[in-house]
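In full-length UniProt numbering, the protein residues as written are 1 to 595.
Structure representation (structure tokens):
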């Protein structure tokens, strides 16, 4: 099942959509169900609808729990709990000062909290969720007493989730690292499986096709996701050091598979030699995938096979590939010092982060003005839902906003359509409450798997809870309309406020080709392993960037008139990378040290 999902994921990620089955997390889902369930029961028993703020706050606090060591998670969660309550108080109170106050206070408050979040390292999610609180709060204007009651309910729900996450129901803080590592080994195994199964058959990438180099791209993206998660644990001990070894081993294995992949494309060497090395590499990756980096009999057996190939293979390239995989297994087992692992290209700085978040805040404020205007013109029933869509969709450049907007619209359509059956449930408050708790569990468990599926369950959850606490007609259809309006407003905002389109597709292809040539030159000139690894990584990132750009909106329009030249350039990039990897592993097979 996971293999089929990864196959689908390889096709989706080329089009800027993610599908990561390894990130299904039932423990987070069950914890979120408990977090939401307690305040929901309180709201039903007391009959006080303001306790709905505790329900939403509990859920948002669970969403705010991002990967990282415990002290980082506690700090960011505490900022959200206290800051969110303050934002709820200020937003609800100040929105009552003048008619249509939300149209003024909402954008202003969103800009302030987004800019302030830029001062926090890894504070992006805190800023986004605090902005969500702001746009919902201004949708409920109250005097100071009622606003304080609303903010108090928010604080109670958020504080309850904080206690649950940090003290009562702890989940291993290093679990995201293990999931990211397993995602890498799974994609390496998929690539090795395909190479081992080729034998006499022609490699699919010998000719250009729409999913050209899908395994290379999938592995590179998985490695970069692993690297991004690992950055949040920088300076930790224990599992963080294990993860560094796994990242170094993954890069080593990937380099060897690149060389072997290109050898299969070029039909270099004999079929028997290629197949023997591919099968040995597959066994090595499988031993890591199954054991998770622990020394096992399977890993020892794979090492023995690789050592025999190093001794028997006549071709230096194949000896080098086998030697590289043997080195990777030694790194995993702690028998070999890994190469230096670079976690981040740029050091984080409050100034640079603040400037980026100020620009982000301006875009979101502009999008909110547009959506509030649409609310006034078309009379949308739940304007804060449209405003929430602006906040969560407008999270980056045009490519990110476009893909998130499409996913949110699709998820809202599916979730809203499914929510239409809720009135048929019956059972008084008990059945809908149980449904809401189950939906909270599913939504949280799926939050990192796929955004469309996440939004689908989130829509059903919010429709059900809203209908329980604030009964009304057309809630499901209103959710659909509001999310579509908010997503469109977000896209308009990213176009209007200094849109970041990035370089045009031909420039990206040129940059990718240049990066791959630098990789080849580093190998040919005998640079150190650290320089070669850095050049290979830069070349891989440039290839992925160009390939994904060729499938986004701007790249698709460009390909209408430049299809042949673009495809030739993209194919040249991948062949340059593969042949540079072949050259490096040929040198390794001739006795060059990989240290």
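Every residue gets a Cβ at the ideal spot worked out from N, C-alpha and C, and that includes glycine.
For residue i, the nearest candidate out of the options (CA to CA)
| i | options | result |
| --- | --- | --- |
| residue 199 | 306, 176, 265 | 265 |
| residue 358 | 543, 118, 45, 32 | 118 |
| residue 599 | 31, 485, 375 | This structure gives no information on residue 599, because the portion of the chain shown stretches from 1 to 595. |
| residue 178 | 149, 238, 150, 35 | 238 |
| residue 201 | 164, 270, 167, 234 | 270 |
| residue 356 | 28, 59, 111, 23 | 111 |
| residue 244 | 336, 126, 489, 513 | 336 |
| residue 225 | 181, 241, 240 | 181 |
| residue 56 | 491, 107, 161 | 161 |
| residue 489 | 309, 383, 467, 548 | 383 |
| residue 548 | 126, 5, 11, 464 | 11 |
| residue 414 | 460, 105, 321, 305 | 460 |
| residue 589 | 326, 343, 184 | 326 |
| residue 446 | 29, 298, 530 | 29 |
| residue 517 | 574, 263, 157 | 574 |
| residue 550 | 484, 116, 16 | 16 |
| residue 504 | 482, 465, 546, 318 | 546 |
| residue 71 | 514, 172, 437 | 172 |
| residue 108 | 419, 123, 253, 130 | 130 |
| residue 385 | 486, 583, 329 | 486 |
| residue 49 | 149, 529, 125, 115 | 149 |
| residue 52 | 158, 126, 521 | 158 |
| residue 253 | 236, 186, 210 | 186 |
| residue 216 | 539, 435, 46 | 539 |
Where residue i falls: helix, strand or coil (DSSP)
| i | result |
| --- | --- |
| residue 50 | helix |
| residue 34 | helix |
| residue 146 | helix |
| residue 26 | helix |
| residue 240 | helix |
| residue 423 | helix |
| residue 21 | helix |
| residue 384 | helix |
| residue 364 | helix |
| residue 487 | helix |
| residue 307 | helix |
| residue 450 | coil |
| residue 98 | coil |
| residue 167 | helix |
| residue 471 | coil |
| residue 107 | helix |
| residue 359 | helix |
Residue i versus residue j - alpha carbon distance
| i | j | result |
| --- | --- | --- |
| residue 208 | residue 261 | 15 Å |
| residue 533 | residue 469 | 56 Å |
| residue 21 | residue 324 | 29 Å |
| residue 371 | residue 393 | 13 Å |
| residue 572 | residue 203 | 16 Å |
| residue 598 | residue 479 | The first residue shown for the chain is 1 and the last is 595, placing residue 598 beyond what the model contains. |
| residue 155 | residue 458 | 22 Å |
| residue 240 | residue 174 | 8 Å |
| residue 168 | residue 301 | 43 Å |
| residue 511 | residue 233 | 31 Å |
| residue 128 | residue 391 | 7 Å |
| residue 274 | residue 363 | 53 Å |
| residue 96 | residue 379 | 19 Å |
| residue 514 | residue 321 | 25 Å |
| residue 206 | residue 331 | 33 Å |
| residue 484 | residue 465 | 20 Å |
| residue 340 | residue 287 | 24 Å |
| residue 250 | residue 39 | 44 Å |
| residue 367 | residue 492 | 7 Å |
| residue 463 | residue 14 | 32 Å |
| residue 212 | residue 125 | 34 Å |
| residue 523 | residue 195 | 24 Å |
| residue 521 | residue 104 | 57 Å |
Integer Cβ distance of residue i from residue j, believed to fall under 8 Å
| i | j | result |
| --- | --- | --- |
| residue 93 | residue 144 | 5 Å |
| residue 519 | residue 580 | 5 Å |
| residue 277 | residue 309 | 6 Å |
| residue 586 | residue 316 | 5 Å |
| residue 229 | residue 471 | No, residue 229 and residue 471 are not in contact; Cβ-Cβ is about 42 Å, not under 8 Å. |
| residue 299 | residue 311 | Wrong, their Cβ atoms sit about 19 Å apart, outside the cutoff. |
| residue 405 | residue 455 | Between residue 455 and residue 405 the Cβ distance is about 11 Å, and since that is not below 8 Å, they are no contact. |
| residue 77 | residue 165 | 7 Å |
| residue 23 | residue 449 | 5 Å |
Below-7 Å beta-carbon distance, residue i vs any chain C residue
| i | result |
| --- | --- |
| residue 288 | The question asks about chain C, but that chain is absent: this structure has only one protein chain. |
Do the segment 271 to 290 and the segment 242 to 259 meet, that is, are 3 or more Cβ pairs less than 8 Å apart? Segments in contact, yes.
Report yes or no: do the segment 132 to 142 and the segment 17 to 36 share at least 3 C-beta pairs separated by less than 8 Å? The answer is no - the segment 17 to 36 does not touch the segment 132 to 142, with fewer than three Cβ pairs under 8 Å.
Answer yes if the segment 146 to 153 comes into contact with the segment 71 to 88, meaning at least three C-beta pairs across the two stretches below 8 Å, and no otherwise. With the cut-off at 8 Å, the segment 71 to 88 and the segment 146 to 153 touch.
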